[in-house]
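Residue numbers (the numbering used here): 67 to 263.
Backbone N, C-alpha and C fix where the C-beta goes; we use that ideal spot for every residue, glycine too.
Input: a single structure, listed below in structure tokens.
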């Protein structure tokens, strides 16, 4: 989670776009890339992006053990889920893959702590009350660190990153869908990489 202040959240519609997109993001300083399992080409996009020097490619929107097995087979180096379930946490631990489950309340955090986790995705960040909600949630859990995702963009990322328990933010603004404009994406990635956590 400390590779860069922003983790691009990628929805891959065409595997042909995967390598140029990853190259542009890495060139701009964003190495950790989260490819969401929201399209039929997501697993192939993970495989393709792994060929890019410097890219650390993970999978997002992993919701069950079958997804987990598929992304590990595709080479995902970390796994992100929109929620926290005990079977998925235990399966990720067995596979020894870094796992970042989504949480939105204190009960989720406590369940995660009971399962040995202390890093979480706060999701959906803005819809769950934004930064004030995360500050309230984080207060009793001094050991916990977060990667907020959902509704975060260039206008508010710096505010989130200024909060000490936030290690990074997830954002799709640096990886827009469609054919990548690699120069524009690299420039956005550079700006995002300069944000401080």
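Per-residue DSSP class, three states only, for residue i
| i | result |
| --- | --- |
| residue 263 | Unreliable placement is indicated for residue 263, whose pLDDT of 49 sits below 50; no coordinate value is reported for it. |
| residue 246 | coil |
| residue 182 | coil |
| residue 93 | helix |
| residue 171 | coil |
| residue 118 | coil |
| residue 255 | helix |
| residue 108 | helix |
| residue 210 | coil |
| residue 126 | strand |
Residue i: first and last residue of the uninterrupted beta strand (DSSP E) it sits in
| i | result |
| --- | --- |
| residue 218 | Note, residue 218: premise wrong, no beta strand (DSSP E); not H, not E. |
| residue 146 | 145–147 |
Proximity winner among the options, relative to residue i (alpha-carbon distances)
| i | options | result |
| --- | --- | --- |
| residue 100 | 106, 94, 111 and 93 | 111 |
| residue 139 | 121, 156 and 116 | 116 |
| residue 236 | 192, 85 and 135 | 192 |
| residue 241 | 87, 187 and 126 | 87 |
| residue 125 | 184, 171 and 75 | 75 |
| residue 135 | 122, 114, 159 and 218 | 159 |
| residue 148 | 130, 73 and 157 | 130 |
| residue 120 | 93, 114 and 229 | 93 |
| residue 170 | 157, 161, 162 and 185 | 185 |
| residue 89 | 107, 79, 227 and 114 | 114 |
| residue 106 | 97, 118 and 137 | 137 |
Any non-hydrogen atom of the ligand GDP within 6 Å of residue i CB
| i | result |
| --- | --- |
| residue 102 | The ligand content of the structure shown is nil, which means the ligand GDP is not present either. |
Through-space distance from residue j to residue i, alpha-carbon basis
| i | j | result |
| --- | --- | --- |
| residue 223 | residue 71 | 9 Å |
| residue 128 | residue 249 | 30 Å |
| residue 234 | residue 202 | 18 Å |
| residue 143 | residue 198 | 31 Å |
| residue 181 | residue 153 | 10 Å |
| residue 155 | residue 212 | 16 Å |
| residue 263 | residue 232 | Unreliable positioning characterises residue 263 in this predicted model, as indicated by a pLDDT of 49, which lies under 50. A coordinate reading is not provided. |
| residue 34 | residue 215 | Nothing in the structure corresponds to residue 34, since the chain is present only between 67 and 263. |
| residue 164 | residue 208 | 21 Å |
| residue 246 | residue 178 | 37 Å |
| residue 146 | residue 256 | 23 Å |
| residue 77 | residue 205 | 33 Å |
| residue 66 | residue 103 | In this structure the chain extends from 67 to 263, so residue 66 is not present and cannot be described. |
| residue 133 | residue 260 | 33 Å |
| residue 80 | residue 258 | 24 Å |
| residue 162 | residue 228 | 30 Å |
| residue 84 | residue 254 | 17 Å |
| residue 82 | residue 217 | 27 Å |
| residue 226 | residue 251 | 22 Å |
| residue 150 | residue 69 | 23 Å |
Residue i - containing alpha helix (DSSP H), residue span
| i | result |
| --- | --- |
| residue 153 | 152–161 |
| residue 139 | 131–140 |
| residue 70 | Counting along the chain, residue 70 falls outside any alpha helix (DSSP H), and DSSP gives it neither H nor E. |
| residue 98 | Taken as a continuous stretch (DSSP letters only), residue 98 belongs to no alpha helix (DSSP H), being part of the beta strand (DSSP E) at 98–102. |
| residue 236 | Where residue 236 is concerned, there is no enclosing alpha helix (DSSP H), although the beta strand (DSSP E) it sits in stretches over 235–237. |
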